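Novice: Quick one: the structure is below, questions incoming.
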Amino acid sequence: DGGITQSPKYLFRKEGQNVTLSCEQNLNHDAMYWYRQDPGQGLRLIYYSQIVNDFQKGDIAEGYSVSREKKESFPLTVTSAQKNPTAFYLCASSTLLKGTTSNQPQHFGDGTRLSIL
Amino acid sequence: AQKITQTQPGMFVQEKEAVTLDCTYDTSDPSYGLFWYKQPSSGEMIFLIYQGSYDQQNATEGRYSLNFQKARKSANLVISASQLGDSAMYFCAMREDNQGGKLIFGQGTELSVKP
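Protein sequence lines, in the order shown, are assigned to chains A and B. To convert, note that position 35 of the first sequence is 35 in the working numbering; the numbers rise steadily by one, no gaps. To convert, note that position 44 of the second sequence is 1044 in the working numbering; the numbers rise steadily by one, no gaps.
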């Protein structure tokens, strides 16, 4: 079955440590996205990528980094510079829009819950 | 300024009744799409329904329909015949088509269905 796999499901970070969240998709989607969700809040965009080896900052990119070396993979690193990393992280992918509006939604993984030790 | 506003933090509905979840949006882009997602307590985001800015008719998907009023910039979700399994967070989101496919989310509405 096609879908998006995020791992791990739960992750704990120690002070000063970088951690990496995995996101893999087999939907052949060009675009991939990382969102952060705080309790009782909506999703906020961290980074997104429309093509391999290219990515753009979202609204809350500080303290995070990404790479897009393969179409299927878009890992997110939460660096020690991110002082409040405790949140639920969701990865999504979609077909890339060209021209007119598309009804294709973003598909989401099951998320990673990150906590501070 | 908020681009997506959901003014109802929480809603209650009796099982088998209909419920409307409000969403207003703000954009100057003439081409955009509006999405509704459901997020159960387990956390996954489930796509429910889509409305494009150029669509002439309101979208419907099974028990879900979208009351799209373009001039008022509102895209309210209507759930008919509520079921206990509909209890979840519901998010309205907008994609402006000149912004690379990014979604902008509202704060969400928590729906509780009473038996």
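Virtual Cβ for every residue (Gly too), placed ideally from N, Cα, C. Please read these numbers as outputs of a predicted model, since none were measured by experiment.
Looking at the unbroken beta strand (DSSP E) that takes in lysine 14 of chain A, where does it start and where does it end?
Specialist: It is not in any beta strand (DSSP E) - lysine 14 of chain A carries neither H nor E in the DSSP assignment.
Novice: Output, in sequence order along the chain, the residues in the stretch 33 to 55 of chain A whose CB is closer than 9 Å to any CB in chain B.
Specialist: Cβ contacts with chain B come from Tyr33, Tyr35, Gln37, Gly40, Gln41, Gly42, Leu43, Arg44, Leu45, Tyr48, Gln50.
Novice: With 7 Å as the limit, tell me which residues of the stretch 74 to 90 of chain A have their beta carbon closer than that to any beta carbon of chain B; keep them in chain order.
Specialist: So the list reads Phe88, Leu90, given in the order they occur along the chain.
Novice: Going by Cα to Cα distance, which pick from B/Gly1101, B/Tyr1090, B/Asp1097, B/Asn1058 is closest to leucine 45 of chain A?
Specialist: Comparing Cα-Cα distances from leucine 45 of chain A to each of B/Gly1101, B/Tyr1090, B/Asp1097, B/Asn1058, the minimum goes to B/Gly1101.
Novice: For threonine 100 of chain A, I'd like the list of residues in its chain whose CB is within less than 8 Å of its CB, leaving aside the five on either flank, ordered along the chain.
Specialist: With a pLDDT of only 49 at threonine 100 of chain A, under the threshold of 50, the placement of this residue in the model should not be trusted; the figure read from the coordinates follows. None.
Novice: Just to confirm, is the Cβ distance from serine 1080 of chain B to serine 1112 of chain B under 8 Å?
Specialist: For serine 1080 of chain B and serine 1112 of chain B, no; Cβs fall outside 8 Å.
Novice: Could you spell out the range, first to last residue, of the beta strand (DSSP E) harbouring lysine 57 of chain A?
Specialist: Per DSSP, lysine 57 of chain A belongs to the beta strand (DSSP E) from 54 to 57.
Novice: Which residues does DSSP list as the beta-bridge partners of cysteine 1092 of chain B?
Specialist: Per DSSP, B/Trp1036.
Novice: Using a Cβ-Cβ distance cut-off of 8 Å, determine whether leucine 17 of chain A contacts chain B.
Specialist: At residue 17 of chain A the sequence reads glutamine, which differs from the leucine that was named. It does not: the Cβ of glutamine 17 of chain A has no partner Cβ on chain B nearer than 8 Å.
Novice: Would you list the one or two residues that DSSP bridges to glutamate 118 of chain A?
Specialist: The structure shown has nothing for residue 118 of chain A, since chain A only spans 1 to 117.
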